[in-house]
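A short worksheet on the structure shown next.
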Amino acid sequence: MRTRLKGINTVRAKLADGTEATYYYHRATGTRLVGHPGTPEFLASFQSAARSAAQDRGAGTISWLIRQYQASGQFTNLADSTQEIAKLNLKAVEDKWGATPLEHAQAQRTRPLFLRWHDKLAEAHPRAADAKLAALARVLSWGVDRGHITNNPIATFERAYRADRAEMIWLPEHVTAFEEAASPELRLALMLALHTGQRQADLLALPWSAYDGKAITLRQGKNRRAVYVPATTALRTALDAAPRRATTILVTDRGTSWKKRNFHEHWSEATKAAGITVDLHFHDLRGTAVTMLAEAGCTVPEIATITGHSQAHAQKILDRYLARTRSLAEAAIVKLEGHHRNRKLQNALQNGSKAST
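Everything in the sequence shown is counted per the UniProt record's numbering, starting at 1 for the first residue and increasing by one.
Have a look at this one:
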């Protein structure tokens, strides 16, 4: 069945040899369309012209700049899940600021307007407010790089949501408790996370083809960074013993690949069953892997090569971890010295009691 397309101008012309030719044009852009109506070539030509018209609509506004950004490789190369979240945030930006001329958007005097919008949103949803303003800032920065504007007035801003989990580490007792309570499928997920330092989304999608018996090779979904992780002896043993029931390494107890929400529910249940009362998440295993590598003597550049962190972020995790372990050590010494003082006092009282008798 032929799809009826709207917005096409048909022009018939008589050629020099006396024959008649028919030409088709996209009405909004004046673009001549290739092929004949009903053919895939014609449909592709029409869709290309329509996209061009959409991008040109509202030229010189924030809406126009958002469309240019979303059509760029910087956006299309992002993971599908990242694009989906970004589109939601950019839709909110466009609803509020889409008609704003770029001349005003790039002016430094506009910064207070953007920040007041952010502050108003943050009263109810601070994390969402940060995400929306960050999305606008990202588009404006892209616009500066491409020469569409000359300034990004919100290149930096103070975030409303503060949650630094760099110091949240799975300690050996947490790992042991989880392994005792979790299913074999979740224990393998724990092993992969601890021994590779990769994100949950990448591990859930990791295919068996990424493992060659010696190492795991993958391209991270968030930043498209290629990572090569030699497998530890323990990880090789676990992977070699695991049944290959699907294309992905990690599967449910029914042998099907995990869905994000389903995995989260099962992981939370296992954490609760393990009696882990500390606010630990699966993502914290990534930071735990960084500290394990550091304790094994790896340098920050070596750690970043394996986990895919930036060196600055890897160093930040280590700084937080060391600060935590120092405070724990200091608290332990205070308790030890207090114990020694109590013992001395008890001995002195006992000796004094014996002397009086």
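Don't be surprised by glycine CBs; every beta carbon is placed ideally from N, CA and C.
Please state the DSSP three-state secondary structure of residue i.
i, result
"Ala-312", "helix"
"Leu-328", "At Leu-328, the pLDDT of 44 sits below 50, so the modelled position is not reliable and the matter cannot be decided from this model."
"Glu-123", "coil"
"Ala-181", "helix"
"Ile-276", "coil"
"Val-229", "strand"
"Glu-20", "strand"
"Leu-5", "coil"
"Val-11", "strand"
"Ala-215", "strand"
"His-148", "coil"
"Arg-286", "helix"
"His-118", "helix"
"Arg-187", "helix"
"residue 373", "Residue 373 cannot be examined here, being either before or after the span of the chain that is shown, 1 to 357."
"His-281", "coil"
"Pro-172", "helix"
"Pro-207", "strand"
"Pro-101", "strand"
"Thr-307", "helix"
"Gln-346", "helix"
"Gln-200", "helix"
What is the C-beta distance between residue i and residue j, in whole angstroms, given that I count them as a contact (C-beta under 8 Å)?
i, j, result
"Thr-248", "Pro-184", "Contact doesn't hold; Cβ gap of about 15 Å is too wide."
"Met-292", "Leu-192", "Not a contact, Cβ separation roughly 14 Å."
"Leu-78", "Phe-46", "About 28 Å; that fails the 8 Å criterion."
"Leu-186", "Ala-242", "Leu-186 to Ala-242, Cβ: 12 Å. No contact."
"Asp-284", "Met-168", "4 Å"
"Ala-122", "Ile-149", "Going by Cβ atoms, the distance from Ala-122 to Ile-149 rounds to 25 Å, so no, they are not a contact pair."
"Val-139", "Gly-197", "With a Cβ gap of about 31 Å, Val-139 and Gly-197 do not count as contacting."
"Leu-218", "Ala-210", "5 Å"
"Ala-23", "Ala-13", "Strictly speaking, residue 23 in this sequence is Tyr, with Ala absent from that position. Tyr-23 to Ala-13, Cβ: 7 Å. Contact."
"Ala-304", "Ala-314", "5 Å"
Please identify the residue among the options whose C-alpha is closest to the C-alpha of residue i.
i, options, result
"Ala-134", "Glu-158, Gln-346, Ala-246, Ser-72", "Glu-158"
"Pro-230", "Thr-271, Ala-129, Lys-214", "Lys-214"
"Ser-257", "Ala-182, Ala-79, Leu-318, Ala-201", "Ala-201"
"Ile-216", "Tyr-228, Thr-31, Lys-87", "Tyr-228"
"Ala-107", "Ala-160, Trp-64, Leu-285, Pro-153", "Pro-153"
"Asp-212", "Thr-232, Pro-40, Ser-268, Gly-287", "Thr-232"
"Asn-223", "Arg-27, Gly-308, Gly-197", "Gly-308"
"Ile-85", "His-313, Ala-131, His-36, Ala-44", "Ala-131"
"Lys-91", "Gln-74, Leu-136, Ala-304", "Leu-136"
"Gln-70", "Lys-14, Glu-123, Trp-142, Thr-39", "Trp-142"
"Asn-9", "His-26, Ile-149, Trp-117", "His-26"
"Asp-119", "Thr-82, Ala-105, Tyr-161", "Tyr-161"
"Gly-73", "Gly-18, Ala-16, Arg-146", "Arg-146"
"Val-93", "Thr-156, Glu-20, Ala-128", "Ala-128"
"Lys-316", "Gly-255, Cys-298, Gly-287, Phe-282", "Gly-287"
"residue 401", "Val-144, Gln-68, Leu-88", "The displayed coordinates of the chain run from 1 to 357. Any statement about residue 401 would go beyond what the structure contains."
"Pro-172", "Gly-35, Asp-253, Arg-32, Leu-280", "Leu-280"
"Gly-7", "Glu-269, Pro-37, Arg-109", "Pro-37"
"Ile-306", "Arg-199, Arg-67, Ala-270", "Arg-199"
Residue i CB to nearest chain C CB: under 9 Å?
i, result
"His-283", "Any reference to chain C falls outside this structure, which holds one protein chain only."
Legend entry - Stretch-stretch touch, CB-based, cutoff 8 Å, three pairs: the stretch 230-240 with the stretch 58-66: At 8 Å Cβ cutoff, the stretches do not touch.
Inset, instruction - At 4 residues or longer, and completely inside the stretch 41-96: list those alpha helix (DSSP H) runs for me, N to C. - result: The qualifying runs are 62-70, 73-76.
Inset, instruction - Say whether the stretch 173-183 touches the stretch 263-276, bearing in mind that this needs 3 or more beta-carbon pairs closer than 8 Å, one atom from each stretch. - result: Yes, the stretch 173-183 is in contact with the stretch 263-276.
Inset, instruction - Would you check if the stretch 62-71 and the stretch 92-105 touch, i.e. whether three or more CB-CB distances between them fall below 8 Å? - result: Pairwise C-beta distances place the stretch 92-105 in contact with the stretch 62-71, as three or more of them are shorter than 8 Å.
Inset, instruction - Scan the stretch 220-272 and note each continuous beta strand (DSSP E) run of 3 residues or more that stays entirely inside, going in chain order. - result: Runs found: 226-230.
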